[in-house]
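Report on the following structure.
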Amino acid sequence: MNGLDQISKPAFKGAGQEPPKEALAGDDWYRLLFNSVNDAIFVYHLLEDGSPGPFIDVNDVAVHRLEYSRGEFMGLTVADISGMDSPTVNLKTVMAEFMEKKSLRIEWIHKAKSGRKIPVEVSSHIFDMDGKQTVISIARDITERNTALAAKRAAEELWQAQEEQLETILNAIPAMVIFKDRENRIVRANKAFLDFIGAGRAQVLQKTSFDIFPPEDAERFRLDDLEVMITGQPKTNIITTIRKEGRSRWVKIDKVPYKDREGIIKGVIAFAVDITQLKEAEMELANAQAEMETRVTSRTSELMSANQRLKLEARERAVAQEALLKSQERYKLLVEGVRLISWEADPQSRQFTFVSNQAVEILGYPIKKWSELDFWKNHIHPDDRARAVEYSMTAAGKGLDHDLEYRFMNSNGQPVWFRDIVTVTRVEGKPVSLRGAMIDINQRKASEEELIKAKETAEEATRLKDKFVSLVAHDLKSPLTSMVGLLNLINREAGQNLMVKHREMLWHIGKSGERIIQMINELLDISRLKTGAITPQPRFQDAHILAESAMSAMKYVAEEKTINIRNNVAPGSRIYADPELFSQVLLNLIANAIKFSPAGSVVELFQPKGKPGSVAVRDNGIGINPEIAPDLFRHEIKTSTLGTAGEKGTGLGLPYCDDIMKAHGGSIAVESEKGKGSVFIASLPVKKPLILLVEDEKIVRAVYRRYLEKIDAVIEEAGDGEEALDMMDSVIPDLVIMDIFMPVMGGFDLLTRLRGAPKTKNVPVIVVTSDSNMETREKAFRLGANDFISKLMEPADFIPRVRRFIY
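Here this note's numbering = 1-based position in the sequence shown + 21.
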């Protein structure tokens with residue numbers, strides 16, 4: 022019976038069971054199990070002294086691993102295959118511990134027949150076999166595990182060495198180096214930074230800028246960090262100040278993205294250098310230079326003044342008396358020649374202490390009457406009294422010189438207009454007297470009133486004329502349209518039965534009627550514009566798109582004369598205009614260019630250099646007669662001429678264009694030379710779009726402001742909806758970019774208020790929020806939002822969304 026039989030059968034008995042009949046039939050099943058284990062198995066008896074006896078069985082793995090045959094193993098003991106070299110490891114001690122515990126797991130070294138050493142983990146157990154203490158040991162080869170552990174230890178040691186080396190390098194760098202994660206926490210800082218802020222490493226790590234620096238400094242740093250993390254681009258040469266120990270320190274900072282091995286941005290690395298001494302030196306040098314220049318200038322001036330003083334002193338003394346006499350004489354002539362009343366008065370009561378004699382001539386009151394208390398106030402026209410008294414007394418009380426206009430009642434009870442110029446005399450900052458001149462402006466006021474009445478009369482006449490033209494044109498249009506229609510019907514139905522000359526007569530009558538209808542339409546357009554029935558509704562447009570649309574509308578007309586129209590207006594050229602009315606201007610200019618250009622020529626639309634807000638139309642046609650050029654845009658003078666193909670016009674198109682441009686606050690001009698073509702330039706006022714950012718987080722507003730630097734626009738900010746509405750009482754923005762969740766008044770309430778007010782109902786609104794819930798998006802659009810985007814969207818996506826509304 023081999024060792025396997027002896028092991029297997031007692032094992033069943035020890036468990037209180039009989040082995041299965043299939044197992045008692047032979048040991049094949051046990052041998053298969055014994056040899057299928059991946060670990061080496063050794064079986065041996067213990068001798069009476071507790072030492073290991075010879076092996077009584079081993080499995081195939083043991084034979085293969087240690088290179089002994091099974092027969093050779095039967096003469097070997099545990100000591101024969103031990104490869105332990107350490108004097109501290111004693112087999113006898115190990116066996117003693119094993120005998121005590123009956124079970125033991127230990128790392129050991131086996132030595133193969135060839136001398137090769139194999140590290141193993143041995144698990145041994147003692148059991149009884151036919152009255153003998155028997156050991157079964159299972160040895161697992163741990164070579165690969167030890168190799169992996171060794172590699173791990175080596176990697177850790179290398180990493181530790183690299184960390185120590187990096188720390189040494191960072192601490193040797195004179196510049197400050199700070200590593201921060203995405204949450205603004207400091208994860209590493211060198212000695213220069215710790216020394217600069219006067220703190221230990223433990224006080225800094227995992228702290229944010231807000232824990233270390235004043236809020237205004239920390240906010241600037243956080244904003245720069247956000248920009249670097251969002252854009253993935255370095256931000257260099259940041260010159261800023263940091264408050265430290267009650268004084269400002271100048272620092273130059275460079276920031277780069279802090280990335281992991283996969284290239285994912287995990288924070289920011291900042292490199293900072295204290296340049297306070299350099300800045301202070303620059304300022305001291307500048308101050309020294311300024312002081313030196315001041316001293317040189319002052320000294321030079323002193324020398325020149327002293328020299329001039331010596332030369333002029335004598336002459337000044339002689340001239341002073343003569344000048345004084347002339348001044349007095351001029352003042353006397355002035356006072357006597359101009360209808361004015363010179364006066365002096367007390368600043369508190371406005372009681373006169375002196376009045377010139379012209380008061381009697383101009384107003385009829387004796388001089389002594391003026392000294393009465395409240396004389397001035399009581400004789401001001403009742404409609405002007407409260408305003409004049411309050412304004413003058415308030416200014417005098419503050420010691421301010423001032424002037425005002427009011428009506429003063431003369432002794433006959435008639436009002437006289439005066440301009441009162443008041444000078445305040447002050448002693449130690451306090452007003453002590455008033456001096457003034459009441460200038461008679463009665464004649465000037467009468468002239469002004471006559472001019473106003475004449476202007477109102479002229480405007481009323483113009484309105485009546487425009488209304489008359491509109492009514493006449495409107496009343497003529499319907500019957501003329503019917504007449505032309507009937508003529509065309511006769512020509513179609515009876516044309517073949519008419520004589521040729523009669524058909525030609527009908528054709529000419531029809532064409533004349535169509536031109537009259539076209540003229541009536543243009544008159545109606547002009548009338549509607551002048552009477553205010555049509556008013557420009559300007560908004561920001563892409564001039565290239567408007568030019569392209571006008572060009573497409575005139576395509577077939579141009580093709581009839583084989584004329585090529587080119588749109589050279591750059592895409593994205595911003596103008597502020599009513600798209601419908603400005604398109605009419607472009608259509609008129611293109612139509613004229615085609616009309617006066619020869620077949621096969623080119624008409625070009627472009628934006629003149631140095632003239633933003635302008636669109637020009639150039640042709641190389643017959644040009645304009647210099648004699649009629651000044652009258653092209655005047656309604657009262659007809660300048661229409663035949664085109665190169667005999668085309669006729671109404672002469673109203675260019676004056677209408679001029680009216681449209683003036684209604685926009687712009688102008689239209691022409692540059693032309695006879696026989697060399699013309700350039701018509703439609704110029705609009707240049708206007709920057711106003712964007713209102715409504716967001717409660719200051720940092721987010723600052724990020725959006727950085728994004729919008731690429732757009733030539735004016736940016737205003739509001740912290741909540743209520744503040745935004747207050748701002749829109751005085752100015753209406755061209756675009757509102759707003760958050761949804763804000764204190765005081767949120768975005769939904771603000772959007773409702775905007776769409777409910779006539780002056781803001783058409784203002785484009787972009788909703789920006791971190792809430793990506795579909796219900797939030799749908800509610801925003803339902804309330805009238807024009808777009809909905811995620812908070813802190815990348816600039817490459819954010820800017821095009823904004824340009825949709827302001828180009």
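Even glycine gets a Cβ: it sits at the ideal position worked out from N, Cα and C.
Quick caveat: nothing in here was measured; it's all calculated off a predicted structure.
Best match in the options for proximity to residue i [C-alpha to C-alpha]
{"i": "A806", "options": "E815, S158, F603 and G777", "result": "G777"}
{"i": "D818", "options": "Q628, I251 and D151", "result": "I251"}
{"i": "V289", "options": "V623, V198, K632 and A83", "result": "V198"}
{"i": "A302", "options": "I190, I689, S618 and W271", "result": "W271"}
{"i": "H85", "options": "A117, L54, A100 and S135", "result": "S135"}
{"i": "Q562", "options": "A591, Y577 and T583", "result": "A591"}
{"i": "K812", "options": "L804, R824, I787 and K800", "result": "I787"}
{"i": "S573", "options": "P557, S604, R560 and T556", "result": "S604"}
{"i": "F654", "options": "S622, I732, S688 and E796", "result": "S688"}
{"i": "E716", "options": "G742, I736 and D733", "result": "G742"}
{"i": "V735", "options": "S751, E718, I260 and L714", "result": "L714"}
{"i": "I753", "options": "S454, F762 and I712", "result": "I712"}
{"i": "K731", "options": "V143, R824 and S432", "result": "R824"}
{"i": "P75", "options": "L170, E569 and E93", "result": "E93"}
{"i": "M759", "options": "D60, S751, A801 and D733", "result": "A801"}
{"i": "R206", "options": "Q224, D216, P619 and T98", "result": "Q224"}
{"i": "V636", "options": "R52, A568 and M814", "result": "A568"}
{"i": "V82", "options": "E815, N56 and M95", "result": "N56"}
{"i": "P557", "options": "S570, T583 and E601", "result": "E601"}
Sequence-distant residues of the same chain with beta carbon closer than 8 Å to residue i, five excluded per side
{"i": "I720", "result": "E240, R243, L244 and L247"}
{"i": "K287", "result": "D202, R203, Y279, K280 and D281"}
{"i": "M575", "result": "I586, L608, I611, A612 and I615"}
{"i": "V249", "result": "P255, K256, K276, V277, P278 and V289"}
{"i": "P436", "result": "H402, R428, F429 and M430"}
{"i": "K300", "result": "W271"}
{"i": "A220", "result": "I233"}
{"i": "I190", "result": "none"}
Same chain, Cβ closer than 6 Å to residue i, neighbours up to 5 away in sequence not counted
{"i": "L775", "result": "T781"}
{"i": "I147", "result": "K123, Q154 and V156"}
{"i": "W438", "result": "R428, I462, N463 and K466"}
{"i": "R456", "result": "E365 and T444"}
{"i": "D367", "result": "none"}
{"i": "P785", "result": "L756, N807 and F826"}
Which of helix, strand or coil DSSP assigns to residue i
{"i": "F701", "result": "strand"}
{"i": "N613", "result": "helix"}
{"i": "A417", "result": "helix"}
{"i": "H565", "result": "helix"}
{"i": "A637", "result": "strand"}
{"i": "N192", "result": "helix"}
{"i": "D275", "result": "strand"}
{"i": "M814", "result": "coil"}
{"i": "P821", "result": "helix"}
{"i": "Y728", "result": "helix"}
{"i": "K113", "result": "helix"}
Strand pairing of residue i, partner residues [DSSP]
{"i": "G457", "result": "W364 and V443"}
{"i": "F76", "result": "Y65"}
{"i": "P452", "result": "R447"}
{"i": "H146", "result": "S124 and I157"}
{"i": "D202", "result": "G288"}
{"i": "L711", "result": "V735"}
{"i": "M759", "result": "V715 and V788"}
{"i": "Y427", "result": "F439"}
{"i": "L626", "result": "N588 and V638"}
Close-in-space but distant-in-sequence residues of the same chain around residue i (CB under 7 Å, 5 per side omitted)
{"i": "E69", "result": "none"}
{"i": "S90", "result": "V84"}
{"i": "L425", "result": "A409, Y412, S413 and D441"}
{"i": "A650", "result": "V691 and S693"}
{"i": "M105", "result": "W129 and I130"}
{"i": "L804", "result": "F769, L772, T773 and R776"}
heavy atom of the ligand SAM below 6 Å from residue i C-beta
{"i": "D441", "result": "Absence of the ligand SAM from the depicted structure is noted, as is the absence of any ligand whatsoever, leaving it without description."}
task: Evaluate the contact criterion for the stretch 709-727 versus the stretch 677-686: three or more CB pairs, one atom per stretch, below 8 Å.
output: no
task: Kindly confirm or deny that the stretch 736-752 and the stretch 595-615 touch, where touching means at least three C-beta pairs closer than 8 Å.
output: Counting Cβ pairs under 8 Å, fewer than three are found: no touch.
task: Would you check if there are 3 or more beta carbon pairs closer than 8 Å linking the stretch 387-397 to the stretch 359-378?
output: yes
query: How do the stretch 704-718 and the stretch 638-651 stand: do at least 3 beta-carbon pairs fall below 8 Å, yes or no?
result: no
field: Segment contact flag, the stretch 785-804 with the stretch 628-637, C-beta cutoff 8 Å, min 3 pairs
entry: no
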